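*Asks:* Pasting in a structure now, in structure tokens, and then I'll have a few things to ask.
Residue numbers (our numbering): 5 to 221.
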């Protein structure tokens, strides 16, 4: 079964009013300018996802990242599920293992990994995503997943040396500096703990003048 993008887009149009988006964009622009001055992007990111989390849930089925399919005959959902399971396998998720989802959004990846029986703790900067995600876990009867609203660079909700593993999927690219988050993850992980990262990067081979490169980016 594939995501019906056309049907989902019509849901979004129905759910949003032009005035609502205008107010949102005006406030977002203001917060973004403040973030550029201060270097702290937490507030503007939380504001962005106060609307975008609903877009991701409605339009993209709960996941705002992508994966190349292993073959031409599978849909996006299956490609993502395979990616998530691969990450879970690399981290050896199973009952008794504690794992962090860094920048978990509304918990789409956590839902896919819940069958491993690992204890999954998600961290998101947006309080509304905590509410949406945990409500969905309760609705689905998932008891081994929980989301907390916090800054992944300062996770006061996570005890030191308490996690066996952690993963970050399409979330680290939002951070202007990575030192703080890696220091915090190192604090949270047990000695020998594992960290998996799946994200977008721009290599030195990128050429802004190359049209094909610009299409990809």
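Glycine included, C-beta positions come from ideal geometry on N, C-alpha and C. Values in this document were obtained by computation on a predicted structure and should not be read as measured data.
Going by beta carbon distance, what residues of the same chain come within less than 8 Å of residue 198, once the five residues before and after it are set aside?
*Replies:* 94, 95, 96, 168, 169 and 170
*Asks:* Of the choices 84, 183 and 31, whose alpha-carbon is the least far from that of residue 158?
*Replies:* Nearest C-alpha to residue 158 among 84, 183 and 31: 183.
*Asks:* Taking the beta strand (DSSP E) that residue 152 falls in, what are its first and last residues?
*Replies:* For residue 152, the enclosing beta strand (DSSP E) begins and ends at 149-153.
*Asks:* Please classify residue 211 as buried or exposed, where buried requires at least 16 neighbouring CB atoms within 10 angstroms.
*Replies:* exposed
*Asks:* Between residue 96 and the ligand ATP, is there a pair consisting of the residue's CB and a ligand heavy atom that are separated by less than 7 Å?
*Replies:* Looking for the ligand ATP in the displayed structure turns up nothing, as the structure carries no ligands at all.
*Asks:* Which residue marks the beginning of the beta strand (DSSP E) containing residue 176, and which one marks its end?
*Replies:* Where residue 176 is concerned, there is no enclosing beta strand (DSSP E), given that its DSSP letter is neither H nor E.
*Asks:* So, using beta-carbon positions, are residue 140 and residue 122 closer together than 8 Å?
*Replies:* Against a cut-off of 8 Å, the Cβ pair of residue 122 and residue 140 comes out as no contact.
*Asks:* With DSSP as the reference, please indicate the residues paired to residue 198 in a beta bridge.
*Replies:* When beta bridges are read from the DSSP output, residue 198 appears opposite 169.
*Asks:* Taking the continuous alpha helix (DSSP H) assigned at residue 158, which residues delimit it?
*Replies:* Segment: none, residue 158 is in no alpha helix (DSSP H) and carries neither H nor E.
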